[in-house]
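Visitor: Following the working numbering from start to finish, the sequence shown increments by one per residue and tops out at 157.
All C-beta atoms in this analysis are idealised placements derived from N, C-alpha and C, irrespective of residue type, glycine included.
One structure is given below, represented as structure tokens, and several questions about it will come after.
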Amino acid sequence: DYLRTGDARPLGGVFYHNAMDVVAMAALLSHVSELLADPYSGRVEHGLDFIALGKLYEDLGHWDEAARLFERGLELGVTEADFGVAVKRLSILQKKRGDVDRALRLWEEAARKGHIYAHIELAKYYEHKMRDVKTSIKWAKSARREVERADLPAYIRNHWLTEIDHRLTRLARKAGL
């Protein structure tokens, strides 16, 4: 109607709604700014929120702060699925930061809970860092058992099995088996 008549009165509700959206965005910006300035002030209460902030800081390249945020999120507790995602990101971040001991502890904890990637990371660690092919084979085989036990879509199962079998073949050659 406005285009035909030029009368903007019927659009009053739309203008009001848009104005409220702008006010809400300003309030949200203020809240997010406070969270980012000091996430430990008590404004962030849930583990998953700390993990989300950790992902943001990681993406921004602030690895030390990202690691602290991931750790805090895990301390507060998260679901098992979120635990797996958070520990995976944190362990890889610790590896990038050079804190292999911390990454190793995280992989061991995740492996105990059946996370396949952790078994693979442990196989890589023992092969490349410790030069312990026998232990690397043990971790690769345990990864394969986890895949066989897991209820995975066929394409994911095949991806893991292909990667693991390739690793096991290479490790067997290295070990002279």
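Tell me where the alpha helix (DSSP H) around residue 121 begins and ends.
Guide: Taking the first residue of the sequence shown as 1, we reach residue 121 at position 141. Residues 113 to 129.
Visitor: Please classify residue -3: is it buried, with 16 or more other beta-carbons within 10 angstroms of its beta-carbon, or exposed?
Guide: Indexing the sequence shown from 1 puts residue -3 at position 17. Label assigned to residue -3: exposed.
Visitor: Taking DSSP as the reference, what is the three-state secondary structure of residue 75?
Guide: The residue labelled residue 75 in the question sits at position 95 within the sequence shown. Helix, per DSSP.
Visitor: So, using beta-carbon positions, are residue 49 and residue 33 closer together than 7 Å?
Guide: Reading the sequence shown from its first residue, position 69 is the one you call residue 49. Reading the sequence shown from its first residue, position 53 is the one you call residue 33. Contact flag set, yes.
Visitor: What do you get for residue 125, buried or exposed, if any count of 16 or more other CB atoms within 10 angstroms of its CB means buried?
Guide: If you number the sequence shown from 1, residue 125 lands on position 145. With fewer than 16 Cβ atoms within 10 Å of its Cβ, residue 125 is classed as exposed.
Visitor: With 16 other CB atoms within 10 Å as the buried threshold, where does residue 113 fall?
Guide: As a first step, residue 113 must be located in the sequence shown, where it is residue number 133. Residue 113 comes out buried.
Visitor: Please classify residue 128 as buried or exposed, where buried requires at least 16 neighbouring CB atoms within 10 angstroms.
Guide: Position 148 of the sequence shown, counting from 1, holds the residue named residue 128. Under this definition residue 128 is an exposed residue.
Visitor: Could you check which residue in 46, 156, 108 and 122 has the C-alpha nearest to that of residue 70?
Guide: Locating residue 70 in the sequence shown gives position 90, where the first residue counts as 1. The shortest Cα separation from residue 70 among 46, 156, 108 and 122 belongs to 46.
Visitor: Just to confirm before moving on: does the CB-CB distance between residue 119 and residue 99 stay below 7 Å?
Guide: Position 139 of the sequence shown, counted from the start, is the residue given in the question as residue 119. Position 119 of the sequence shown, counted from the start, is the residue given in the question as residue 99. Yes; because the gap between Cβ atoms is below 7 Å, this pair is in contact.
Visitor: Rounded to a whole number of angstroms, what is the C-alpha to C-alpha distance between residue 12 and residue 107?
Guide: Within the sequence shown, numbered from 1, the residue matching residue 12 stands at position 32. Within the sequence shown, numbered from 1, the residue matching residue 107 stands at position 127. Computed Cα separation, rounded: 43 Å.
Visitor: For residue 148, I'd like the list of residues in its chain whose CB is within less than 6 Å of its CB, leaving aside the five on either flank, ordered along the chain.
Guide: Taking the sequence shown and counting its residues from 1, one reaches residue 148 at position 168. These residues qualify, in order along the chain: 120.
Visitor: Under 7 Å between the Cβ atoms of residue 57 and residue 31?
Guide: Start at 1 with the first residue of the sequence shown, and residue 57 comes out as number 77. Start at 1 with the first residue of the sequence shown, and residue 31 comes out as number 51. Cβ atoms of residue 57 and residue 31: not closer than 7 Å.
Visitor: Mind pulling the alpha helix (DSSP H) runs of 4 or more residues that sit fully within the region 37 to 78?
Guide: Those alpha helix (DSSP H) runs which fall completely within the region 37 to 78 and span 4+ residues are 43 to 56 and 60 to 77.
Visitor: Taking just the CA atoms, how far does residue 85 sit from residue 131?
Guide: Numbered from 1 along the sequence shown, position 151 holds the residue referred to as residue 131. Numbered from 1 along the sequence shown, position 105 holds the residue referred to as residue 85. Using only the alpha carbons, I get a separation of about 26 Å.
Visitor: Who are the Cβ neighbours of residue 17 in its own chain at under 6 Å, not counting the five residues just before and after it?
Guide: Looking up residue 17 in the sequence shown gives position 37. Nothing listed; no residue qualifies.
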